[in-house]
Amino acid sequence: GENVEQHPSTLSVQEGDSAVIKCTYSDSASNYFPWYKQELGKRPQLIIDIRSNVGEKKDQRIAVTLNKTAKHFSLHITETQPEDSAVYFCAAIPMGTGFQKLVFGTGTRLLVSP
Amino acid sequence: GAVVSQHPSRVICKSGTSVKIECRSLDFQATTMFWYRQFPKQSLMLMATSNEGSKATYEQGVEKDKFLINHASLTLSTLTVTSAHPEDSSFYICSAPEGENTEAFFGQGTRLTVV
Chain V
87 GENVEQHPST LSVQEGDSAV IKCTYSDSAS NYFPWYKQEL GKRPQLIIDI RSNVGEKKDQ
147 RIAVTLNKTA KHFSLHITET QPEDSAVYFC AAIPMGTGFQ KLVFGTGTRL LVSP
Chain B
11 GAVVSQHPSR VICKSGTSVK IECRSLDFQA TTMFWYRQFP KQSLMLMATS NEGSKATYEQ
71 GVEKDKFLIN HASLTLSTLT VTSAHPEDSS FYICSAPEGE NTEAFFGQGT RLTVV
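Going down the list, the protein sequences come from chains V and B. The numbering of the first sequence is this note's numbering, which starts it at 87 and goes up by one. The numbering of the second sequence is this note's numbering, which starts it at 11 and goes up by one.
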């Protein structure tokens with residue numbers, strides 16, 4: 087089955103710096119890659135997603151890039167703010183599941199210091 | 011976006027008792043829902059896929075007789091943790107997609123503590 091690896095496990099940056107989180111997946115048939123932000127004790131919230139027919143997608147300070155050949159995708163957060171501090175999870179959807187059977191990465195704890 | 015409501019948000023139960031967790035899609039019909047478990051500082055691990063009107067599909071290593079799933083209507087799935095033990099203490103969270111290959115919406119999660 088699909089296996090998603092995520093790095094780093096923790097990331098500390100100063101406010102205003104950029105943060106990059108990387109994920110690799112194993113199933114070349116995966117075609118949908120969402121990123122979720124989870125604050126402590128809360129539900130995961132979708133922040134951006136990308137499909138396999140697109141190489142890059144941007145939404146204000148957040149961007150995601152996808153390299154299908156290398157089977158990896160990355161989340162980029164620019165001009166980080168303290169409220170960006172949370173745990174971020176990447177995920178991949180294995181082909182053929184129809185409904186969203188998400189396989190999550192291990193998570194990255196992002197800490198943005200003022 | 012669509013709304014998925016999960017109840018209760020927190021529950022403390024005694025070892026050996028059973029706990030039922032509800033997951034409702036409030037403004038759309040969900041023929042499929044997913045149940046995840048999340049231990050502290052860990053990722054979300056899929057436990058099972060809940061299918062309306064049919065048996066749930068469990069992931070490898072998840073005991074179907076311990077984690078009973080019922081999806082009796084298009085808007086409600088329940089997870090019952092039977093004969094709970096302290097090691098079952100975790101954050102349980104459901105999700106429901108509006109359709110195939112679309113965004114999944116998560117419930118608020120249930121913090122289960124077994125004492």
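From the three backbone atoms N, C-alpha and C, an ideal C-beta is built for every residue, glycine too. Since we're looking at a predicted model, the values are computed, not measured.
(1) With a floor of 3 residues, list each beta strand (DSSP E) that falls wholly inside the region 68-102 of chain B, ordered by position along the chain.
(2) Quick one: list the residues of chain B neighbouring residue 129 of chain V, beta-carbon separation under 7 Å, in chain order.
(3) Can you name, in chain order, every residue of its own chain whose Cβ lies under 6 Å from the Cβ of residue 180 of chain V, other than the five neighbours on each side?
(4) Within the 8 Å Cβ cut-off, does residue 193 of chain V reach chain B?
(5) Quick one: is residue 20 of chain B buried, meaning 16 or more other Cβ sit within 10 Å of its Cβ, or exposed?
(6) Mind pulling the chain V residues with CB within less than 9 Å of residue 27 of chain B?
(7) Name, in chain order, the residues that DSSP records as bridge partners for residue 91 of chain V.
(8) What did DSSP end up calling residue 120 of chain V once you bin it into helix, strand or coil?
(9) How about residue 160 of chain V and residue 151 of chain V: do their beta carbons lie closer than 8 Å?
(10) Since residue 83 of chain B meets chain V, which of its residues come closer than 9 Å, beta carbon to beta carbon?
(11) Out of curiosity, what's the CA-to-CA distance linking residue 198 of chain V and residue 64 of chain B?
(12) Note down, in chain order, each residue of its chain lying with its Cβ closer than 6 Å to the Cβ of residue 35 of chain B, except the 5 sequence neighbours on either side.
(13) Under the three-state reduction of DSSP, which class applies to residue 170 of chain V: helix, strand or coil?
(14) Whose C-alpha, out of B/58, B/41 and B/53, is nearest the C-alpha of residue 70 of chain B?
Straight from the coordinates:
(1) 77-83 and 86-91
(2) Translated into positions along the first sequence, residue 129 of chain V becomes position 43. Residues of chain B passing the Cβ test: 103, 116, 117, 118 and 119.
(3) By 1-based counting over the first sequence, the position of residue 180 of chain V is 94. Here the set comprises 88, 113 and 116.
(4) Within the first sequence, the letter at position 107 stands for residue 193 of chain V. Output row for residue 193 of chain V: interface = yes.
(5) Taking the first residue of the second sequence as 1, we reach residue 20 of chain B at position 10. It counts as exposed.
(6) For the purposes of this step, residue 27 of chain B is taken as the residue at position 17 of the second sequence. The premise fails here: residue 27 of chain B is roughly 23 Å from chain V at the closest Cβ pair, so nothing lies under 9 Å.
(7) Locating residue 91 of chain V in the first sequence gives position 5, where the first residue counts as 1. Beta-bridge pairing links residue 91 of chain V to V/110.
(8) The residue given as residue 120 of chain V occupies position 34 in the first sequence. In the structure shown, residue 120 of chain V sits in a strand (DSSP, three-state: E or B).
(9) Start at 1 with the first residue of the first sequence, and residue 160 of chain V comes out as number 74. Start at 1 with the first residue of the first sequence, and residue 151 of chain V comes out as number 65. In contact: residue 160 of chain V and residue 151 of chain V (Cβ atoms closer than 8 Å).
(10) For this step, residue 83 of chain B is matched to residue 73 along the second sequence. In chain order: nothing, as chain V lies at least about 17 Å away.
(11) Residue 198 of chain V sits at position 112 when you count from the first residue of the first sequence. Residue 64 of chain B sits at position 54 when you count from the first residue of the second sequence. If I take the Cα positions, the gap works out to 46 Å.
(12) Numbered from 1 along the second sequence, position 25 holds the residue referred to as residue 35 of chain B. Excluding positions up to five away in sequence, the list reads 14, 85 and 106.
(13) To locate residue 170 of chain V, count along the first sequence from 1; it is residue 84. Note: residue 170 of chain V maps to helix in three-state DSSP.
(14) Position 60 of the second sequence, counted from the start, is the residue given in the question as residue 70 of chain B. Nearest of B/58, B/41 and B/53 to residue 70 of chain B, Cα basis: B/58.
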